[in-house]
Amino acid sequence: MSKKVTMQQIADHVGVSKFAVSKALAGKSGVSAETREKIISSATQLGYFAGKRIKSSASRPSADPTGSAQRDTIIVLIPNIREQNRHSFYWGRIIDGITTGLEQHRLGMMIVTEHITDNFIKLINPDGVLGIVCVGHISNQLLLEIRNLSIPFVMVDHEDPLIPSDALFMNNYECMRRVTNYLLGSGHRKLQFVGNTRYSRSFYDRWLGYRSLLEEQEVPFEQEPGLVSLEGENRSEHTEALTEVIGDMKAREKLPTAFVCANDSLALCVVTALMKHGIRVPEDISVTGFDNIDDAALSTPTLSTVNVNKEALGQRAVETLLWRINHPESPKERILLSGGSGVQAVDRAGERRLSM
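Numbering follows UniProt numbering, with no gaps: position 214 of the sequence shown is 214.
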């Protein structure tokens, strides 16, 4: 049996004090983000977490709806980020699915917005929490604290390479490949991806799916850098940035025949930016989205998009969490849900429809 990895060994490996390692692994403040990442990475490499087992569910109330402890609380943890909240067309629907799933099991729910705190335990009573569903990007500092509290948790639309956990996503890679394949089949050969590839794992997977299909089909790949490094927190800011980038591309005669957008919100911003430059959609340039939010069907023209069953994603997260509570030692899972047909809209030629 291998020897237990100590904090001192981690400290020696990173070149910091044992005190810094203790604070970082406890998820507490007082350590820079860069140092914390180095400490967590080294701890993972040295096998520190391998010896740290989550407490057995035997000491926790049963998640069985026929049991006597059916009123225990599930925390839904969401980032403290504008546009990613309970009222969002995308994230809000996921939370609706979580709510439905918990109601089916007669479990209570408490929504907590992520804040940087010295101790997560100050906000909750761990003894009354059955599990946590993390929706979207949650800092590894807070994830470490949750892990140290021995509370089972699952993640939706995010994963942390340093903190293994069950994670659920749409099959973004394959869905985007199908979108790209549809556009190529419609005759497009000049395409541009729109979306900051560092924004989320989903955006990055969609980018990879788009790029891989182009490479397989040997289609010339000339990505406009400004379109994959967009900054902004809302549609107004994204539209302003896109109007500038598209205007520059138009001046250089580098406009594509189709924009492949990482989500519907960005697609709607692209449509607005194109209209500002007198470019018609879909007559002059095609635009596709992803997620099938309500605005996609209400826009003019109607947006071609990929349907993401957001409620199903939330419900499956609940089922995964309850399974994890009762099987704490089983290998972590990365679950991918397939996408379906979204809003159908004619392409630039006015002859074919998006069907997935």
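Every residue, glycine too, gets a C-beta built ideally from N, C-alpha and C.
Exposed or buried, what is residue i when buried is set at 16 or more other beta-carbons lying within 10 Å of its beta-carbon?
| i | result |
| --- | --- |
| N125 | exposed |
| R252 | exposed |
| M275 | exposed |
| P161 | exposed |
| S265 | buried |
| R198 | exposed |
| G15 | exposed |
| F221 | exposed |
| S330 | exposed |
| S32 | exposed |
| D12 | exposed |
| P301 | exposed |
Cutting at 7 Å between CB atoms, please list the residues of its own chain near residue i, excluding the five before and the five after it.
| i | result |
| --- | --- |
| residue 358 | Here the chain covers residues 1 to 356 and nothing more, so residue 358 does not appear. |
| I75 | M110, V112, I124, V129, I132 |
| I10 | V21, I39, S42, A43, L46, Y48 |
| G97 | K310, E311, A312, L313, G314, Q315 |
| L213 | R177, T180, N181 |
| I151 | P126, V129, G131, I132 |
| Y204 | T197 |
| V219 | L184, R189 |
| L208 | Y173 |
| N140 | I40, D160, L162, I163 |
| L102 | I74, M109, V318 |
Are the beta-carbon atoms belonging to residue i and residue j less than 9 Å from one another?
| i | j | result |
| --- | --- | --- |
| H105 | V318 | yes |
| A24 | T35 | yes |
| T257 | H158 | no |
| F169 | L337 | yes |
| S200 | H277 | no |
| C175 | V260 | no |
| D248 | G226 | yes |
| T239 | T272 | yes |
| V179 | Y210 | yes |
| N263 | S229 | no |
| I293 | I285 | no |
| I163 | L143 | yes |
| V156 | I94 | yes |
| L242 | V270 | yes |
| G339 | N171 | yes |
What residues match up with residue i in a beta bridge as DSSP calls it?
| i | result |
| --- | --- |
| F169 | L336 |
| A258 | L191, S286 |
| C134 | L77, M155 |
| D291 | N307 |
| V129 | T73 |
Ends of the alpha helix (DSSP H) at residue i?
| i | result |
| --- | --- |
| F221 | Per DSSP, F221 belongs to no alpha helix (DSSP H) and is neither H nor E. |
| I325 | 310-326 |
| I146 | 140-148 |
| T35 | 33-46 |
| E240 | 235-251 |
| F203 | 201-216 |
| S265 | 264-276 |
| L102 | 91-104 |
| V14 | 7-14 |
What does a CB cutoff of less than 8 Å around residue i pick up in its chain, not counting 5 residues either side in sequence?
| i | result |
| --- | --- |
| L268 | R235, G289, D295, A296, S299, L303 |
| T100 | E311, G314, Q315 |
| I335 | D166, A167, L168, F169, R316, T320 |
Please list the terminal residues of the continuous beta strand (DSSP E) segment that includes residue i.
| i | result |
| --- | --- |
| F19 | Run containing F19: none in the beta strand (DSSP E); it sits in the alpha helix (DSSP H), 18-25. |
| G108 | 108-113 |
Looking only at its own chain, which residues have a Cβ that is under 6 Å from the Cβ of residue i, when we skip the five neighbours before and after it?
| i | result |
| --- | --- |
| Q8 | K18 |
| Q192 | E224, L227, P256, F259 |
| K190 | P256, T257 |
| E333 | D166 |
| R206 | N172, M176, A262 |
| S202 | D157, N172 |
| D291 | Y90, N263, D264, V308 |
Determine, for residue i, whether the minimum Cβ-Cβ distance to residues of chain B falls below 9 Å.
| i | result |
| --- | --- |
| L144 | In the structure shown, chain B cannot be found, because there is only a single protein chain. |
Compute every distance between the C-beta of residue i and the non-hydrogen atoms of the ligand GDP, then say whether any falls below 8 Å.
| i | result |
| --- | --- |
| S202 | As for the ligand GDP, it is missing from this structure, which has no ligand bound. |
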